[in-house]
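Asks: A single structure is presented below for examination.
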Amino acid sequence: MMFQSNSRRRGSFPILEIVGLLMILGAILIFMSQLSAYSQERQQLPEGLLLAGVPADGLRGEQALASIEQTYGAPVTIIYKDQEILLSPEEVGFRVNSEAMISAATELRMDGTFWSGFWDHLWERPQQTYDIDLNAEYSEEQLKAWVADLAARYESPPRPATIALETMSVAPGQPGETIDQEKAVEDIAEALFQPTGRTVVLSIKETDAPEPSMDTLQSLLIEYLMSEKYEGVASIYIYDERNGDSLALDVDLRQGVPTPVNCDIAYAGLSTMKIPLMVEYFRYLDWFPYPYEYDVVEATMTLSSNLNANFMLRDVGGDNIELGPPIVTESMHYLGMENSFIAAPYDDEDEPEYYSTPAREAARAGACIDTNADYAMQTTAEDIAMMLDMIYQCAEYNGGDLIAAYPDEINQTECQMMIDVMSKNDEGKLILAGVPEYVEVAHKHGYTYDTISDAGIVLSPGGDYVMVVFLWADVGWLASTAFPIMEGLSTATFNYFNPDLINEPRQGYGDVLLGGE
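This is the structure in structure tokens:
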């Protein structure tokens, strides 16, 4: 019995050994398979990896590189109103440093030992996720230039006011729409660094039409003088009493083209000098003028009476007519009218002692135009405009330089009387000719054979303004040319201040005869 049993044991198949060997072999194969898979996985970018917002897990380096460059190389869509404009990132020097990003991702993937990573792989432990920031650059200068070029091609900036010679007016400007270029640069730069949402809606700024300026009025006046073929010298000074703006135009048209004059042109003072004489007369009066005194002022300012002007000079001089002119001149200089003087009474045939002013000396030296100004009375358009502005400020606001200079000798009531009496002057139309009948103009004219002047305060519906015009030409009699030009200059100026009234009829000259004074 024992013999047979041993014989069977030696002849049985070694199943357990074979199964064990197979299991060992299987384990080896599984190990090698997992090891191979992990090795391949280790050559790829880690799972869950984002390269600047672009999924790159499972990709090799060159694949991730192509994905990043494709994403950030896509054009940015720029929307201007209802138009779409595509901006290629290359146009503004945009470049992604993708290789540096992939290198950073690879270093993260290789972080730690091989076997510890393999162990985590075998146990399918969740891997760490990574998000690599975008590494890119662009040219801000190129982007600003691109936006500026876009604005130049697409936006509609506001258009300034223009002159309309046919209506002697200033045509209003046009509103516009402009791109907020600073914000556009910021928004486009932000979109360049985004993987999605690469659309920028441009911010549009609506801009009101620019208000006409004194420069526009000046262009109109020059164009008008050219259209009239005026060949002389013109000085036009305007103060806008609404806002303090001013126009100072001295131009020489003797050669048929407008040449700016950058100096103070001395002109014959003529009856225009009766304005500062009137101011000095009211300063002289320490009392409210008696009727006969007011009559003297009125005859001087409305009838341009030289006789009554001399009465005023006599009173100012303390019953000495010879002392009146220097007192008036000193007062003018104290008020800032450095180029104005009265050296002798009106109609005095004796040549007075030479009186020097900067403008007179510039003319003598050839540094400024010589108008052969009257040796007895001279001024400039700027000086007279300054005087009228002081009267207006005094009358309207009880302030200004006149009140400041003579606080106890000139008052608001007297200044208003000055304006009232000058408003009665309808003998020398000039500025009056260019405004409607109902518009009050407080002015004083003056003219001789080669010089025509008018200086006034225009109380217009659209705003009050001071206007002073001197025209001079080396001719025997300028009035026939200058009178219509004066009307045109006044018309254009009134239209500037009253654009809604450009079609209103103007006074014109009617039957006024041209004469000398």
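Okay, so the sequence shown: first residue is 6 according to this note's numbering, each after it adds one. In this text, a Cβ means the ideal position worked out from N, Cα and C, and glycines have one as well. These numbers come from a predicted model, not from an experiment.
Does the beta-carbon distance from valine 333 to proline 294 come in below 8 Å?
Replies: On the sequence shown, position 328 is the one that residue 333 refers to. On the sequence shown, position 289 is the one that residue 294 refers to. Going by C-beta atoms, valine 333 is not nearer than 8 Å to proline 294.
Asks: For alanine 447, write down the residues that DSSP places opposite it in a beta bridge.
Replies: Here residue 447 refers to the residue found at position 442 of the sequence shown. Partner(s): Ile462.
Asks: So what's leucine 476 in DSSP terms, helix, strand or just coil?
Replies: Start at 1 with the first residue of the sequence shown, and residue 476 comes out as number 471. Three-state result, leucine 476: strand.
Asks: Examine the Cβ distances between the segment 264-272 and the segment 360-372 and report whether three or more of them are shorter than 8 Å.
Replies: Yes: the two stretches touch, three or more of their Cβ pairs being nearer than 8 Å.
Asks: To the nearest angstrom, report how far apart glutamate 95 and glycine 78 are at their CA atoms.
Replies: As a first step, residue 95 must be located in the sequence shown, where it is residue number 90. As a first step, residue 78 must be located in the sequence shown, where it is residue number 73. Roughly 8 Å separates the two Cα atoms.
Asks: Measure from the alpha carbon of histidine 448 to the alpha carbon of each residue in Thr204, Met472 and Gly467, then state which is nearest.
Replies: Translated into positions along the sequence shown, residue 448 becomes position 443. The candidate whose alpha carbon is nearest that of histidine 448 is Met472.
Asks: Pull up the DSSP beta-bridge partners for isoleucine 243, would you.
Replies: The sequence position of residue 243 within the sequence shown is 238, counting from 1. Looking at the DSSP assignment, isoleucine 243 forms a beta bridge with Leu252 and Met472.
Asks: Three or more beta-carbon pairs under 8 Å between the segment 453-472 and the segment 236-251, yes or no?
Replies: Contact holds: three or more Cβ-Cβ distances are below 8 Å.
Asks: Can you tell me which of Glu228, Ala349, Glu89 and Pro331 puts its alpha carbon nearest to the alpha carbon of leucine 275?
Replies: In the sequence shown, counting from the first residue as 1, residue 275 sits at position 270. Nearest C-alpha to leucine 275: Ala349.
Asks: Roughly how many whole angstroms lie between the Cα atoms of serine 485 and glycine 405?
Replies: Taking the sequence shown and counting its residues from 1, the one referred to as residue 485 is at position 480. Taking the sequence shown and counting its residues from 1, the one referred to as residue 405 is at position 400. Answer to the nearest angstrom: the Cα atoms are 38 Å apart.
Asks: Check whether the Cβ atoms of isoleucine 408 and cysteine 399 sit closer than 8 Å, and answer yes or no.
Replies: Numbered from 1 along the sequence shown, position 403 holds the residue referred to as residue 408. Numbered from 1 along the sequence shown, position 394 holds the residue referred to as residue 399. Yes, these two residues count as a Cβ contact at 8 Å.
Asks: Going straight from the alpha carbon of threonine 307 to that of lysine 429, what length do you get?
Replies: As a position in the sequence shown, residue 307 is number 302, starting the count at 1. As a position in the sequence shown, residue 429 is number 424, starting the count at 1. So the two alpha carbons sit approximately 6 Å from each other.
Asks: Could you give the C-beta distance for leucine 494 and tyrosine 229, rounded to a whole number, given that I count them as a contact under 8 Å?
Replies: Stepping through the sequence shown from its first residue, residue 494 is reached at position 489. Stepping through the sequence shown from its first residue, residue 229 is reached at position 224. Contact flag correct, Cβ pair sits at about 7 Å.
Asks: Could you give the DSSP three-state label for histidine 126: helix, strand or coil?
Replies: Here residue 126 is taken as the residue at index 121 of the sequence shown, counted from 1. Here the model assigns histidine 126 a pLDDT of 49, short of 50, so the residue's position is not dependable, and the following value carries that caveat. Here histidine 126 sits in helix by DSSP.
Asks: Closest to phenylalanine 287 by CA distance: which of Ala304, Trp482, Ala372 and Val321 is it?
Replies: For this step, residue 287 is matched to residue 282 along the sequence shown. Taking only the C-alpha atoms, the option nearest phenylalanine 287 is Val321.
Asks: Give, in chain order, every unbroken run of the alpha helix (DSSP H) that is at least 4 residues long and sits entirely within the segment 387-445.
Replies: Here the runs fully enclosed are 406-410 and 417-428.
Asks: Can you tell me the Cα-Cα spacing of isoleucine 424 and serine 309, whole angstroms?
Replies: Here residue 424 refers to the residue found at position 419 of the sequence shown. Here residue 309 refers to the residue found at position 304 of the sequence shown. Straight-line Cα distance between these residues: approximately 15 Å.
Asks: Put aspartate 320 into one of helix, strand or coil per three-state DSSP.
Replies: By one-based count along the sequence shown, residue 320 stands at place 315. Here aspartate 320 sits in helix by DSSP.
Asks: So, are the CB atoms of valine 101 and alanine 141 less than 8 Å apart?
Replies: In the sequence shown, residue 101 corresponds to position 96, counting from 1. In the sequence shown, residue 141 corresponds to position 136, counting from 1. Going by C-beta atoms, valine 101 is nearer than 8 Å to alanine 141.
Asks: Along the chain, which unbroken stretches of the beta strand (DSSP E) at least 3 residues long are found entirely within the segment 145-193?
Replies: Taking only runs of at least 3 residues, the beta strand (DSSP E) segments lying wholly in the segment 145-193 are 167-169, 174-176 and 181-184.
Asks: Classify valine 81 as helix, strand or coil using the three-state DSSP reduction.
Replies: Residue 81 sits at position 76 when you count from the first residue of the sequence shown. Strand at valine 81.
Asks: DSSP three-state label for methionine 342, please.
Replies: Residue numbering aside, residue 342 sits at position 337 when the sequence shown is read from its first letter. If DSSP states are grouped into helix, strand and coil, methionine 342 belongs with coil.
Asks: Give me the residue from Met283, Asp431 and Tyr339 with the minimum Cα distance to glutamine 421.
Replies: Locating residue 421 in the sequence shown gives position 416, counting from the first residue. Nearest option by C-alpha distance: Met283.
Asks: Hey, could you find the ends of the beta strand (DSSP E) methionine 382 is sitting in?
Replies: What you label residue 382 is simply residue 377 of the sequence shown in a count that begins at 1. From DSSP, the beta strand (DSSP E) with methionine 382 extends over 382-384.
Asks: From the DSSP output, read off the bridge partner residues of arginine 100.
Replies: Residue mapping note: residue 100 aligns to position 95 of the sequence shown, counting from 1. According to DSSP, arginine 100 bridges with Glu142.
Asks: When the Cα atoms are used, what is the spatial distance from valine 24 to threonine 201?
Replies: The count along the sequence shown starts at 1 and reaches residue 24 at position 19. The count along the sequence shown starts at 1 and reaches residue 201 at position 196. Looking at the two C-alpha atoms, the distance is approximately 58 Å.
Asks: Is the beta carbon of glutamine 232 sitting closer than 8 Å to the one on leucine 170?
Replies: Position 227 of the sequence shown, counted from the first residue, corresponds to residue 232. Position 165 of the sequence shown, counted from the first residue, corresponds to residue 170. The identity of residue 232 in the sequence shown is serine, whereas the question assumes glutamine. Yes, Cβ-Cβ distance for serine 232 and leucine 170 is below 8 Å.
Asks: I need the DSSP call for proline 489, collapsed to helix, strand or coil.
Replies: For the purposes of this step, residue 489 is taken as the residue at position 484 of the sequence shown. Residue state, collapsed to three classes: helix.
Asks: CA-CA distance, valine 302 and glutamate 387?
Replies: Locating residue 302 in the sequence shown gives position 297, counting from the first residue. Locating residue 387 in the sequence shown gives position 382, counting from the first residue. Cα to Cα, valine 302 sits roughly 24 Å from glutamate 387.
Asks: Between the beta-carbon of isoleucine 436 and the beta-carbon of valine 446, is there less than 8 Å?
Replies: On the sequence shown, residue 436 is found 431 positions in, with the first residue counted as 1. On the sequence shown, residue 446 is found 441 positions in, with the first residue counted as 1. Contact: yes.
Asks: Looking only at DSSP bridge pairs, what is proline 504 linked to?
Replies: Translated into positions along the sequence shown, residue 504 becomes position 499. None, per the DSSP bridge assignment.
Asks: Using the Cβ count rule (16 or more neighbours within 10 Å means buried), how would you classify glycine 237?
Replies: Here the question's residue 237 lines up with position 232 in the sequence shown. Label assigned to glycine 237: buried.
Asks: Which term fits tryptophan 292, buried or exposed, when burial requires 16 or more other beta carbons within 10 angstroms of its beta carbon?
Replies: Along the sequence shown, one-based indexing puts residue 292 at 287. Result: exposed.
Asks: In whole angstroms, what is the alpha-carbon distance linking aspartate 87 and leucine 155?
Replies: If you number the sequence shown from 1, residue 87 lands on position 82. If you number the sequence shown from 1, residue 155 lands on position 150. Roughly 15 Å between the two C-alpha positions.
Asks: Short check: CB of threonine 376 to CB of tryptophan 477, under 8 Å?
Replies: In the sequence shown, counting from the first residue as 1, residue 376 sits at position 371. In the sequence shown, counting from the first residue as 1, residue 477 sits at position 472. Yes, they are a contact pair.
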